[in-house]
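Worksheet: one structure, shown below.
Residue numbers (my numbering), protein chains in the order written: chain C, 70 to 183; chain E, 41 to 151.
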């Protein structure tokens, strides 16, 4: 199994630019989660989807953040416009609703906004 | 408010020196408690899930236990390769899968 795939692994951009992070969940998983990790705030849930439908986006910090899941094998997290305080590592995780509750994480995208 | 607190923030051990990491939580109706390991530059890697007080899980040198208010991750005779950040998370009530994470304990094991 390939695991959760995220791209890019590293992204450096300038303030005001649009940033798009991508995630491919584990095949057969129908729940997908986007997290942000910083030294100050640790690992925070931004938004999650069940069967491609956004269920809870209360963790999305501002309207500058948006997420989509057009199909079961792909999701994007977009920041527009980006700001230096958005610099963090963004993780995607997926899980199956059949039996186990375990979320499996991707390798993350390290975002630096200059 | 649902909350997870881990202690200590950092722990330095000599190889072979056993110790425990603590995760205390306040959540109304625990649905599950999870332990993850995170190496620098990588995503969290799943270790254990505990669902009810008294439950224990083991994997190699690691053993996780759960009470009604806290969980412990016991590390027996650690090796340098056990060095990592250990994260604890609780699943909130309801059939959502939503997790709340603690800040983590960074473990360094010296040879």
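All residues carry an ideal CB built from backbone N, CA and C; glycine is no exception.
Quick one, are the C-beta atoms of residue 112(E) and residue 61(E) less than 8 Å apart? In the second chain, residue 112(E) corresponds to position 72, counting from 1. In the second chain, residue 61(E) corresponds to position 21, counting from 1. Cβ atoms of residue 112(E) and residue 61(E): closer than 8 Å.
DSSP three-state assignment for residue 130(C), whether helix, strand or coil: Against the first chain, residue 130(C) aligns to sequence position 61. If DSSP states are grouped into helix, strand and coil, residue 130(C) belongs with coil.
Nearest-angstrom Cβ-Cβ length linking residue 149(C) and residue 87(C), presumed shorter than 8 Å: As a position in the first chain, residue 149(C) is number 80, starting the count at 1. As a position in the first chain, residue 87(C) is number 18, starting the count at 1. Rounded to whole angstroms, the Cβ separation of residue 149(C) and residue 87(C) is 4 Å, and the two are in contact under 8 Å.
Which of helix, strand or coil DSSP assigns to residue 71(E): Position 31 of the second chain, counting from 1, holds the residue named residue 71(E). In this structure, residue 71(E) counts as coil in the three-state DSSP scheme.
Taking the beta strand (DSSP E) that residue 91(E) falls in, what are its first and last residues? In the second chain, the residue the question calls residue 91(E) occupies position 51. Segment: none, residue 91(E) is in no beta strand (DSSP E) and carries neither H nor E.
Within this structure, are the beta carbons of residue 72(C) and residue 95(C) separated by less than 8 Å? As a first step, residue 72(C) must be located in the first chain, where it is residue number 3. As a first step, residue 95(C) must be located in the first chain, where it is residue number 26. Contact flag set, yes.
Considering only the alpha carbon of each residue, which of 126(C), 145(C), 92(C) and 97(C) lies closest to residue 116(C)? As a working mapping, residue 116(C) is identified with position 47 in the first chain. Comparing Cα positions, the closest option is 126(C).
Helix, strand or coil for residue 154(C), going by three-state DSSP, please let me know. Along the first chain, one-based indexing puts residue 154(C) at 85. It is helical.
Between 117(E), 74(E) and 81(E), which lies nearest to residue 96(E) when the distance is taken from Cα to Cα? Here residue 96(E) is taken as the residue at index 56 of the second chain, counted from 1. Closest option to residue 96(E), Cα to Cα, is 74(E).
So does the stretch 69–84 of chain E actually touch the stretch 164–180 of chain C, counting three or more Cβ pairs closer than 8 Å? yes
Please name the residue, chosen from 68(E), 58(E), 78(E) and 65(E), that lies closest to residue 119(E) on a Cα-to-Cα basis. By 1-based counting over the second chain, the position of residue 119(E) is 79. Minimum Cα distance to residue 119(E) is reached at 58(E).
Could you name the residues of chain E that residue 171(C) contacts, counting a contact when the two beta carbons are closer than 8 Å? Position 102 of the first chain, counted from the first residue, corresponds to residue 171(C). Per Cβ cutoff of 8 Å: 74, 86 and 89.
May I ask you to report which of helix, strand or coil DSSP gives residue 122(E)? Residue 122(E) sits at position 82 when you count from the first residue of the second chain. Residue 122(E) falls in the helix class under three-state DSSP.
According to DSSP, is residue 75(C) part of a helix, a strand, or is it coil? Here residue 75(C) refers to the residue found at position 6 of the first chain. Looking at residue 75(C) - three-state DSSP - the assignment turns out to be strand.
Rounding to the nearest angstrom, what Cα-Cα distance links residue 109(E) and residue 64(E) in this structure? For the purposes of this step, residue 109(E) is taken as residue 69 along the second chain, with counting starting at 1. For the purposes of this step, residue 64(E) is taken as residue 24 along the second chain, with counting starting at 1. Approximately 6 Å, taken between the alpha carbons.
Of all the CB atoms in chain C, is at least one closer than 8 Å to the CB of residue 54(E)? Along the second chain, one-based indexing puts residue 54(E) at 14. No, residue 54(E) does not count as interfacial toward chain C.
Beta-carbon neighbours of residue 160(C), restricted to chain E and to distances below 9 Å: Residue numbering aside, residue 160(C) sits at position 91 when the first chain is read from its first letter. Residues of chain E passing the Cβ test: 83 and 84.
Are the CB atoms of residue 76(E) and residue 147(E) nearer to each other than 8 Å? Counting from one through the second chain, the residue named residue 76(E) turns up at place 36. Counting from one through the second chain, the residue named residue 147(E) turns up at place 107. Result no, Cβ atoms of residue 76(E) and residue 147(E) do not sit closer than 8 Å.
Residue 174(C) versus chain E: which residues are under 9 Å apart at the beta carbon? For the purposes of this step, residue 174(C) is taken as the residue at position 105 of the first chain. In chain order: 76, 78, 82, 83, 84, 85 and 86.
Would you mind giving the Cβ-Cβ distance between residue 101(E) and residue 117(E), rounded to the nearest angstrom? I have them listed as a contact below 8 Å. The sequence position of residue 101(E) within the second chain is 61, counting from 1. The sequence position of residue 117(E) within the second chain is 77, counting from 1. Between residue 117(E) and residue 101(E) the Cβ distance is about 6 Å, and since that is below 8 Å, they are a contact.
Quick one: residues in its chain with C-beta nearer than 7 Å to the C-beta of residue 151(E), no 5 flanking neighbours on either side, listed in chain order? Here residue 151(E) refers to the residue found at position 111 of the second chain. Cβ neighbours of residue 151(E) beyond the five flanking positions: 55 and 120.
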